[in-house]
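Below is one structure; the comments refer to it alone.
Following this line, the structure appears as structure tokens:
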């Protein structure tokens, strides 16, 4: 055994030795939130502390996804209706082409309705 | 501040760190984020465009190739057409490309030469198929030479027909047209209309007797 003194153990600090890479974290595992998933419904605006930054209203996101999917489906139907209308008009069936145009307008109104359900949604 | 906006990093002690942080911030702010709300707005705009397009189509914004509402003026196509040969011409208008073909068995057929898929030129290919074929080289569309029906490829409708007649001297004339899939009698009745009451009566067109009576009443 050498009688050289043991160098002092460096102080433990979470994160990097470079301060610019560190967020102001006070926990060892800041990614693990105490309230991951559904948050406390009474909390509308999260501040610092456990659960900050997580989704407070998952239903709002689902509703937005559903509106978007429905609108896209309607647009696919509109593309189909437009090809049918062009075909019918080219074959001389002008009345059927006007029915197709009516369908396209109704579909547009449905999409507008989906958008107007909550256009100010953040 | 929304969740996508990040706060500016705190200035570091060394200038190199500042520069790196600035670059990172520039890169993040250069990414233009399209949110789901933006997508919903874009989808609504596209839907409106499709609705306007549908109304335009029904109102007749597209040109119906090889079609004529009234009886077009007869036009001489060629002086003679041998079996297996074809000739290109314009009918009923000067912009309507058309094709007259004499099939190997002597049958004379005429069609619009504008493909019903994406309006490429349709060619007569005697070497293809049993009777020869009308062939669109753009997307391999094939039409039956005898009926104009689609036999292969992407075209959605048969070729519009052109009625041809052959004079005793062998010259070929184009006299009338029919839309895609329109029966010959209906096409002739539509184009003859009130202008040729005798012919419409001979063809047995619906309303031919009334049209003839109106004609007599006027004269």
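Protein chains in written order, with this note's numbering: chain D, 1 to 122; chain V, 1001 to 1219. Cβ coordinates follow ideal geometry from the N, Cα and C atoms, glycine included. Owing to the predicted nature of the structure, the values given are computational and were not obtained by experimental measurement.
When the distance is taken between beta carbons, is residue 1107 (chain V) closer than 8 Å to residue 1171 (chain V)? Along the second chain, read from residue 1 onward, the residue named residue 1171 (chain V) stands at position 171. Along the second chain, read from residue 1 onward, the residue named residue 1107 (chain V) stands at position 107. For residue 1171 (chain V) and residue 1107 (chain V), no; Cβs fall outside 8 Å.
For residue 1101 (chain V), three-class secondary structure by DSSP: As a first step, residue 1101 (chain V) must be located in the second chain, where it is residue number 101. Residue 1101 (chain V) falls in the strand class under three-state DSSP.
Cβ neighbours of residue 1067 (chain V) in the same chain (closer than 7 Å, five flanking residues each side left out): Stepping through the second chain from its first residue, residue 1067 (chain V) is reached at position 67. 1160, 1177 and 1179.
Is DSSP giving residue 95 (chain D) helix, strand or coil here? In the first chain, counting from the first residue as 1, residue 95 (chain D) sits at position 95. Helix.
So, at 6 Å on beta carbons, what are the nonlocal neighbours of residue 97 (chain D) in its own chain, with the 5 sequence-adjacent residues on each side left out? On the first chain, position 97 is the one that residue 97 (chain D) refers to. 85, 88 and 89, listed in sequence order.
Quick check on residue 12 (chain D): buried or exposed, where buried means 16 or more other Cβ atoms within 10 Å of its Cβ? Residue numbering aside, residue 12 (chain D) sits at position 12 when the first chain is read from its first letter. Result: exposed.
In three-state DSSP terms, what is residue 62 (chain D)? Counted from its first residue, the first chain places residue 62 (chain D) at position 62. DSSP places residue 62 (chain D) in helix when its eight states are reduced to three.
According to DSSP, is residue 1186 (chain V) helix, strand or coil? In the second chain, the residue the question calls residue 1186 (chain V) occupies position 186. Reduced to three states, the DSSP call for residue 1186 (chain V) is helix.
Are the C-beta of residue 80 (chain D) and some C-beta of chain V separated by less than 8 Å? Counting from 1 along the first chain, the entry for residue 80 (chain D) is found at position 80. Closer than 8 Å: no.
Short check: CB of residue 1050 (chain V) to CB of residue 114 (chain D), under 8 Å? Within the second chain, residue 1050 (chain V) is the residue found at index 50, counting from 1. Within the first chain, residue 114 (chain D) is the residue found at index 114, counting from 1. No, Cβ-Cβ distance for residue 1050 (chain V) and residue 114 (chain D) is not below 8 Å.
Assess contact between the region 1045 to 1064 of chain V and the region 1080 to 1088 of chain V, defined as three or more Cβ pairs (one per stretch) separated by less than 8 Å. Is contact present? no
For chain D, find out if any of its Cβ atoms is closer than 8 Å to the Cβ of residue 1155 (chain V); answer yes or no. Position 155 of the second chain, counting from 1, holds the residue named residue 1155 (chain V). Answer no: the Cβ-Cβ gap between residue 1155 (chain V) and chain D never drops below 8 Å.
In whole angstroms, what is the alpha-carbon distance linking residue 110 (chain D) and residue 1075 (chain V)? Start at 1 with the first residue of the first chain, and residue 110 (chain D) comes out as number 110. Start at 1 with the first residue of the second chain, and residue 1075 (chain V) comes out as number 75. Residue 110 (chain D) and residue 1075 (chain V): Cα-Cα distance of roughly 50 Å.
Using beta-carbon positions only, say whether residue 1081 (chain V) and residue 1111 (chain V) come within less than 8 Å of one another. In the second chain, counting from the first residue as 1, residue 1081 (chain V) sits at position 81. In the second chain, counting from the first residue as 1, residue 1111 (chain V) sits at position 111. No.
Boundaries of the alpha helix (DSSP H) in which residue 12 (chain D) is found, first to last residue: If you number the first chain from 1, residue 12 (chain D) lands on position 12. Residue 12 (chain D) -> no alpha helix (DSSP H), and no H or E assigned at all.
Is the Cβ-Cβ distance between residue 71 (chain D) and residue 1040 (chain V) less than 8 Å? Here the question's residue 71 (chain D) lines up with position 71 in the first chain. Here the question's residue 1040 (chain V) lines up with position 40 in the second chain. Yes, they are a contact pair.
Starting from the beta carbon of residue 1182 (chain V), find every residue of chain D whose beta carbon is closer than 9 Å, and list them in chain order. Here residue 1182 (chain V) is taken as the residue at index 182 of the second chain, counted from 1. Those are 91 and 92, listed as they occur along chain D.
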